[in-house]
Every structure is written in structure tokens, then in C-alpha cells.
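Protein chains: 2
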Amino acid sequence: MSNTFSLHPQLAADTTLVTDGPLSHVLLMNDARYPWLILVPKRPDLVNFDDLSADDRKTLGDETATVSAVLKRRFDTQKTNVAMLGNMVPQLHCHVVARFTDDPAWPGPIWGVGEAQPYDEETGRDRLATLRADLISAFKHL
Amino acid sequence: MSNTFSLHPQLAADTTLVTDGPLSHVLLMNDARYPWLILVPKRPDLVNFDDLSADDRKTLGDETATVSAVLKRRFDTQKTNVAMLGNMVPQLHCHVVARFTDDPAWPGPIWGVGEAQPYDEETGRDRLATLRADLISAFKHL
Chain A
367 MSNTFSLHPQ
377 LAADTTLVTD
387 GPLSHVLLMN
397 DARYPWLILV
407 PKRPDLVNFD
417 DLSADDRKTL
427 GDETATVSAV
437 LKRRFDTQKT
447 NVAMLGNMVP
457 QLHCHVVARF
467 TDDPAWPGPI
477 WGVGEAQPYD
487 EETGRDRLAT
497 LRADLISAFK
507 HL
Chain B
367 MSNTFSLHPQ
377 LAADTTLVTD
387 GPLSHVLLMN
397 DARYPWLILV
407 PKRPDLVNFD
417 DLSADDRKTL
427 GDETATVSAV
437 LKRRFDTQKT
447 NVAMLGNMVP
457 QLHCHVVARF
467 TDDPAWPGPI
477 WGVGEAQPYD
487 EETGRDRLAT
497 LRADLISAFK
507 HL
């Protein structure tokens, strides 16, 4: 246990920071198969959802709903998946993933299916810029 | 779209009602491989997490944290998974599952792995009674 927050090295290796909400880093997963964001509350020593304080739970819920709505709008889909698993990376983190009926894992969960496909440089840069603008705008209402 | 809530027939077929929180049914999944509860907010026409009102989001978060803490305590584990997927059953529902390093899907997600193992009558009845007592007690603090 430590008293300061630092991002788990596996999350740092797999993602790029998009922006920050009131509580959490919002990270873009480097996997072009899905529009896939991960929220990580910037609090030390969190493992499970019930480790959050009531106030932080509410804030994470507001952030998660905002991210879900942004993904639906930006990628023109009706479905997102929201999940806090953490069986491999223990630091509490919340996946928010836009899903499509023709994506490689549909209708199953995305975790553990196939191999990540890293973004090419231009596509990754564009996606990051677009989502950053969308989220900065949407977080103003929190 | 309809204006009254009714539980999706697939959830009704796969689960048994444990109790009700302030917002949600709490259902026991009929799969003896995992201690597996499902919360279903009793509101019509919900699909994604961002369809909930801000107040209902907060309540579902409080219920989910309570259920997670009850499962950890009752089954003496350090890990729960929380997920709202809904790719197959569109009605918004939140899985809360106690996980163990020797369970059949560890460390992967539980969905789509193998076949459900229905409880035998006595074990199912005991589990339901135990969780009902735990949750009724824990929900008093919400």
C-alpha cells in the first residue's frame, strides 16, 4: 500500500492519456479494433469498486456516463460496455467500449479475444485529438 | 419502448430474485461456478449506463458497491468484477461477481466461458437465504 497515486505500468504501456475528468485519467487503449477508453480514478490503493468513497463513486459514475455518451455519439453506435474487472491489472480501472454488431468479439466480451491491433500513427493521432476535444467539452458539464 | 418496467424474460429465466435495493432488483444467477449477482434498475427503457438519470446512477453505484462488499465478505475473496455489457440481453443490468484464482475462467472474464452449472436444490436454497439475509441487512445503510 502506498499513499500516492501512480498509474499502473501495464496501463501506462497499453494506453495514451486523452484527458482528465474531475477524478480520473481517461486513457485511450492502443487497440484499433474498438473505440476503447479506460478511466482510472487518481486515488491510491483502489482495487475494487467498493473501495471508492461514496463521493468518488458518484464522480466516477458521472465520468463514465459522460464517456459512454461521447463514444455513442462520436462512433454512431447504440451500445457501450462498461466494466471494472481488474483480474490482471489490480489497480481499479473502468473500461468503456463502443460496441458494434460487426466487431471482432460481438456479442461476446472484448477481453481475451485475439490480439490488440495498435493504431497506425496517423489514425491514432486523429482519434486521440477527436476524443480529447469531445471529452474536454463534455466534462465541462460535470 | 414502453412506460412500465418488466424484467427481461432471459434474465427472469436465468436467475432468482434475492431482494430489492432502493432502485434495483438483485438477482442470483443460477450458475454454481461463481457467486454471481445481477442488479436490474426497475426503470423502463434503459439500455446503456448513460441512460440512467444522475440520481439513479448514484443509487445504482451505492447498490453495486454494497453488493460487491457483501460478496467479498461472504465468500472471503479480495476480488469482484462489475460489468454492464448487455450485448445479448439489451435491458440494462449490472453483473457483480466474486472471483477466485481457481475459478474456471480466471483470470479472464466469466461471460461466454463453458456452460452454466445450475445449483442443486439444497445449495441453491442455502445460497439464496444467506445472500438475502446479508443484503437486506446491508441495504439498511443505503
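Those protein sequence lines, which keep their order, are chains A and B.
For the first sequence, the working numbering assigns the number 367 to the initial residue and increments by one for each residue that follows.
For the second sequence, the working numbering assigns the number 367 to the initial residue and increments by one for each residue that follows.
Glycine included, C-beta positions come from ideal geometry on N, C-alpha and C.
Original post:
Is B:Pro401 near B:Arg493, with beta carbons less than 9 Å apart?
Top reply: On the second sequence, residue 401 of chain B is found 35 positions in, with the first residue counted as 1. On the second sequence, residue 493 of chain B is found 127 positions in, with the first residue counted as 1. Taking 9 Å as the cut-off, the Cβ atoms of B:Pro401 and B:Arg493 count as close.
Original post:
Hey, does A:Lys424 have any beta-carbon neighbour from chain B nearer than 9 Å?
Top reply: Here the question's residue 424 of chain A lines up with position 58 in the first sequence. Chain B, which has a Cβ nearer than 9 Å to the Cβ of A:Lys424, makes this yes.
Original post:
With 16 other CB atoms within 10 Å as the buried threshold, where does A:Glu488 fall?
Top reply: Locating residue 488 of chain A in the first sequence gives position 122, counting from the first residue. Answer is exposed; the Cβ neighbour count stays below 16.
Original post:
In its own chain, which residues sit with a C-beta less than 6 Å from the C-beta of B:Met450, not counting the 5 before and 5 after it?
Top reply: Along the second sequence, one-based indexing puts residue 450 of chain B at 84. Contacts found: Phe415 and Cys460.
Subject >> Three CB pairs or more closer than 8 Å across the segment 383-392 of chain B and the segment 421-428 of chain B >> reply: By the Cβ test, the segment 383-392 of chain B is in contact with the segment 421-428 of chain B, since at least three Cβ pairs between them sit closer than 8 Å.
Original post:
Does any CB atom of chain A fall closer than 9 Å to the CB of B:Lys438?
Top reply: Mapped onto the second sequence, residue 438 of chain B falls at position 72. So, interface residue.
**OP:** Give a yes or no on whether the minimum CB-CB distance between A:Gly452 and chain B is below 9 Å.
**Re:** Position 86 of the first sequence, counted from the start, is the residue given in the question as residue 452 of chain A. Interface residue, yes.
**OP:** For my contact list, A:Val406 and A:Gln457 are in at a C-beta cut-off of 8 Å; report their separation, rounded to the angstrom.
**Re:** Locating residue 406 of chain A in the first sequence gives position 40, counting from the first residue. Locating residue 457 of chain A in the first sequence gives position 91, counting from the first residue. That belief holds up - the Cβ atoms of A:Val406 and A:Gln457 are roughly 7 Å apart, short of 8 Å.
Subject >> Proximal residues to B:Val433 (C-beta, below 6 Å), its chain only, five neighbours per side dropped >> reply: Looking up residue 433 of chain B in the second sequence gives position 67. Taken in chain order, the residues that qualify are Leu403 and Val462.
**OP:** State the beta-bridge partners of B:Asn369 as determined by DSSP.
**Re:** Against the second sequence, residue 369 of chain B aligns to sequence position 3. Residue pairing of B:Asn369 in beta bridges, as defined by DSSP: absent, with no partner found.
**OP:** Could you work out which residues of chain B lie near A:Gly427, taking near to mean beta carbons separated by less than 9 Å?
**Re:** Looking up residue 427 of chain A in the first sequence gives position 61. Contact note: A:Gly427 reaches chain B through Phe415, Leu418, Ala420, Arg423, Lys424, Leu426 and Gly427, using a C-beta cutoff of 9 Å and chain order.
**OP:** Under the assumption that B:Asn453 contacts A:Pro470 (Cβ atoms under 8 Å), give the Cβ distance between them as a whole number of angstroms.
**Re:** Taking the second sequence and counting its residues from 1, the one referred to as residue 453 of chain B is at position 87. Taking the first sequence and counting its residues from 1, the one referred to as residue 470 of chain A is at position 104. No, B:Asn453 and A:Pro470 are not in contact; Cβ-Cβ is about 13 Å, not under 8 Å.
Original post:
Would a check of beta-carbon distances place A:Arg465 closer than 9 Å to chain B?
Top reply: Position 99 of the first sequence, counted from the start, is the residue given in the question as residue 465 of chain A. For A:Arg465, the answer is yes, since a Cβ of chain B falls inside 9 Å of its Cβ.
Original post:
Just curious, the alpha helix (DSSP H) that A:Val436 is in, first and last residue?
Top reply: As a position in the first sequence, residue 436 of chain A is number 70, starting the count at 1. Counting along the chain, the alpha helix (DSSP H) containing A:Val436 begins and ends at Ala420 to Phe441.
Original post:
CA-CA distance, A:Thr381 and A:Ala431?
Top reply: Residue mapping note: residue 381 of chain A aligns to position 15 of the first sequence, counting from 1. Residue mapping note: residue 431 of chain A aligns to position 65 of the first sequence, counting from 1. A direct Cα-Cα distance of roughly 20 Å separates A:Thr381 from A:Ala431.
Original post:
What runs of the beta strand (DSSP E), each 3 residues or longer, lie entirely inside the segment 381-417 of chain A?
Top reply: Runs of the beta strand (DSSP E) spanning 3 or more residues and lying entirely within the segment 381-417 of chain A occur at 381-386, 390-395 and 402-407, in chain order.
Original post:
Apart from the five residues just before and just after A:Leu377, which ones in its own chain have a Cβ nearer than 8 Å to its Cβ?
Top reply: Here residue 377 of chain A corresponds to residue number 11 of the first sequence, with the count starting at 1. In the same chain as A:Leu377, and ignoring 5 residues on each side of it, the C-beta atoms closer than 8 Å to its own belong to Leu393, Ile404, Val406, Val455, Gln457 and His459, in chain order.
Subject >> Residue of A:Thr496, A:Leu412 and A:Phe505 minimising C-alpha distance to A:Leu373 >> reply: For this step, residue 373 of chain A is matched to residue 7 along the first sequence. Closest by alpha carbon: A:Leu412.
Original post:
What does A:Ala504 reach in chain B if we use C-beta pairs closer than 9 Å?
Top reply: Numbered from 1 along the first sequence, position 138 holds the residue referred to as residue 504 of chain A. Annotation: A:Ala504 has no Cβ neighbours in chain B at a cutoff of 9 Å; minimum Cβ distance is about 11 Å.
Subject >> Identity of the residues DSSP links to B:Arg493 by a beta bridge >> reply: Taking the second sequence and counting its residues from 1, one reaches residue 493 of chain B at position 127. DSSP output for B:Arg493 lists no bridge partner at all.
Subject >> chain A residues whose Cβ lies nearer than 9 Å to that of B:Trp472 >> reply: The residue given as residue 472 of chain B occupies position 106 in the second sequence. For B:Trp472, the C-beta contacts it makes with chain A under 9 Å involve Asn453, in order along the chain.
Subject >> Through-space distance from A:Arg399 to A:Thr443, alpha-carbon basis >> reply: Walking along the first sequence from the start, residue 443 of chain A turns up at place 77. Walking along the first sequence from the start, residue 399 of chain A turns up at place 33. One C-alpha to the other measures close to 15 Å.
Original post:
What whole-angstrom Cβ distance do A:Asn396 and A:Ala482 have, given they're in contact under 8 Å?
Top reply: The sequence position of residue 396 of chain A within the first sequence is 30, counting from 1. The sequence position of residue 482 of chain A within the first sequence is 116, counting from 1. The beta-carbon separation of A:Asn396 and A:Ala482, rounded to 7 Å, stays under the 8 Å limit for a contact.
**OP:** Output, in chain order, the set of chain E residues within a Cβ distance shorter than 8 Å of B:Asn447.
**Re:** Although the question refers to chain E, the structure presented lacks it and instead comprises the protein chains A and B.
Original post:
By the 10 Å Cβ neighbour count, where 16 or more other Cβ atoms means buried, how is A:Val465 classified, buried or exposed?
Top reply: Here residue 465 of chain A is taken as the residue at index 99 of the first sequence, counted from 1. In the sequence on display, residue 465 of chain A carries Arg and not Val. A:Arg465 is buried by the Cβ-count criterion.
Original post:
Nearest CA to the CA of B:Asp417: which residue from A:Thr370, A:Asp417, A:Lys438 and A:Asp421?
Top reply: Indexing the second sequence from 1 puts residue 417 of chain B at position 51. Ranking A:Thr370, A:Asp417, A:Lys438 and A:Asp421 by CA distance to the CA of B:Asp417 puts A:Lys438 first.
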